[in-house]
Amino acid sequence: MKEIKRRNAWIAFSLALVVFLAGVFVINWQLWHSDQATHVAAARQAAKKIAAILDEAREATATALNVSRSGCSGQGQFQLGTEAALQPHLRTILLIKDGQVWCSSLPGNRVLTLSPESLPDEPLLLLPARMMVNKRPVLIYQARVAAIRVIVTISDIHLRDALYSDTDNNGLALWVQNQMIARYGDVKPLAADPHQGVFTSPAYPFRITYPDSLFFSPAA
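Numbering (this note's numbering), first residue to last: 298 to 517.
What follows is the structure in structure tokens.
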């Protein structure tokens, strides 16, 4: 009889433990899913904001190509300067021709990018502070038509604003090529992280990285 009671007590305890662990698992799965959804939503929103900024750069590129057709006159420089001023997130617009800076939105064809003519011919680039005259990192948007290359620079301030989220301010970063920039610090090489999620922009060749939520582990 005692053996039966002991067995029944053990069965009851085991069932209670299973129910408890199942409850813990369900609660932690819900918390993980909610946290993960918050990260993904924040990354998607950041990508949307940066895509909107790049839309401005694309519009500015159309203006720059129109300027290139009529030559880099004083009026052409004025048009570039006006376009850069009217687009809220752009810093400078450059026209490269025959391997040299041909026209700039800045007075006197000045540039803020060191040796812009030697930049890789990629649609998007992140440049660290050391490659800028004013020592501020930028995102570069580029387009080439025949012998003309248009370079549009976007301030890091606007990139960091786009990476900010009221709901998730925990490690979003912009990933372009093999470089990345976060809300703080300079452009740096992309660091491999197994606990990092990625949202890929459907409109432009960039990604947003975000911290992957870690599921609860009793052994942790």
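Glycine included, every Cβ here is placed at the ideal spot set by N, Cα and C.
Keep in mind the model is a prediction, meaning the values are calculated, not measured.
Minimum C-alpha distance to residue 382 - residue among 395, 367 and 353: Within the sequence shown, numbered from 1, the residue matching residue 382 stands at position 85. That would be 353, whose Cα lies nearest to the Cα of residue 382.
Residue 481, buried or exposed, once every other Cβ within 10 Å from all chains shown has been counted against 16: Translated into the one-based positions of the sequence shown, residue 481 becomes position 184. With fewer than 16 other Cβ atoms within 10 Å, it is exposed.
For residue 373, the first and last residue of its enclosing alpha helix (DSSP H): By 1-based counting over the sequence shown, the position of residue 373 is 76. First-last of the alpha helix (DSSP H) with residue 373: 371-383.
Three-state class that DSSP yields for residue 462 in the structure shown: Position 165 of the sequence shown, counted from the first residue, corresponds to residue 462. Coil.
Separation of residue 498 from residue 341, as counted between CA atoms: Counted from its first residue, the sequence shown places residue 341 at position 44. Counted from its first residue, the sequence shown places residue 498 at position 201. C-alpha separation (whole angstroms): 8 Å.
Beta-carbon gap between residue 389 and residue 370 smaller than 8 Å: By one-based count along the sequence shown, residue 389 stands at place 92. By one-based count along the sequence shown, residue 370 stands at place 73. Taking 8 Å as the Cβ cut-off, residue 389 and residue 370 do not qualify as a contacting pair.
Which residues DSSP lists as bridging residue 441, in chain order: As a first step, residue 441 must be located in the sequence shown, where it is residue number 144. Per DSSP, the beta-bridge partners of residue 441 are 446.
Nearest-angstrom Cα separation, counted from residue 419 out to residue 376: The sequence position of residue 376 within the sequence shown is 79, counting from 1. The sequence position of residue 419 within the sequence shown is 122, counting from 1. Near 25 Å, if we compare the C-alpha coordinates of residue 419 and residue 376.
Whether residue 456 touches residue 436 by CB criterion (8 Å): Counting from one through the sequence shown, the residue named residue 456 turns up at place 159. Counting from one through the sequence shown, the residue named residue 436 turns up at place 139. In this structure, residue 436 lies closer than 8 Å to residue 456 by Cβ.
Three-state secondary structure assigned by DSSP to residue 408: As a working note, residue 408 is residue 111 in the sequence shown. Under the three-state reduction of DSSP, residue 408 is assigned to coil, being neither helix nor strand.
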